[in-house]
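Trainee: For reference, the structure I am asking about is given below.
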């Protein structure tokens, strides 16, 4: 997540976090980057967060980003 925000290849529209995450350097970095770059950061109850993800083993942090830009081979 941190790397996706820093890379800047796709605009991060929103960061969602599950409540009850153990605080640590990475979580704090993501929260600070979100604040610094004015990316909305939303905290959700664990049950709500789990319903928002599509993976079995979500790690408690999710980003809503712009889609990847694609091109047809003909246009390249």
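In this note's numbering, the protein residues as written are 9 to 84. Ideal Cβ positions, reconstructed from N, Cα and C, are used throughout, including at glycine. Here the structure is a predicted model, which means the values were calculated and not measured.
When you measure from the CB of residue 54 to every non-hydrogen atom of the ligand SAH, does any distance come out below 7 Å?
Mentor: Looking at this structure, you won't find the ligand SAH or any other ligand, since it has none at all.
Trainee: Could you name the residues of the same chain whose beta carbon sits closer than 8 Å to that of residue 10, not counting the 5 residues immediately before and after it, in chain order?
Mentor: Here residue 10 refers to the residue found at position 2 when the chain shown is read from its first residue. Taken in chain order, the residues that qualify are 34, 37, 38 and 41.
Trainee: Starting from residue 47 and walking both ways along the alpha helix (DSSP H), at which residues does that stretch end?
Mentor: Numbered from its first residue, the chain shown carries residue 47 at position 39. Where residue 47 is concerned, there is no enclosing alpha helix (DSSP H), given that its DSSP letter is neither H nor E.
Trainee: With a Cβ-Cβ cutoff of 8 Å, do residue 58 and residue 49 count as a contact?
Mentor: As a first step, residue 58 must be located in the chain shown, where it is residue number 50. As a first step, residue 49 must be located in the chain shown, where it is residue number 41. Taking 8 Å as the Cβ cut-off, residue 58 and residue 49 do not qualify as a contacting pair.
Trainee: Is DSSP giving residue 22 helix, strand or coil here?
Mentor: Mapped onto the chain shown, residue 22 falls at position 14. Three-state DSSP puts residue 22 in a strand.
Trainee: In terms of residues, what are the limits of the beta strand (DSSP E) holding residue 71?
Mentor: Along the chain shown, one-based indexing puts residue 71 at 63. Unbroken beta strand (DSSP E) run through residue 71: 69-73.
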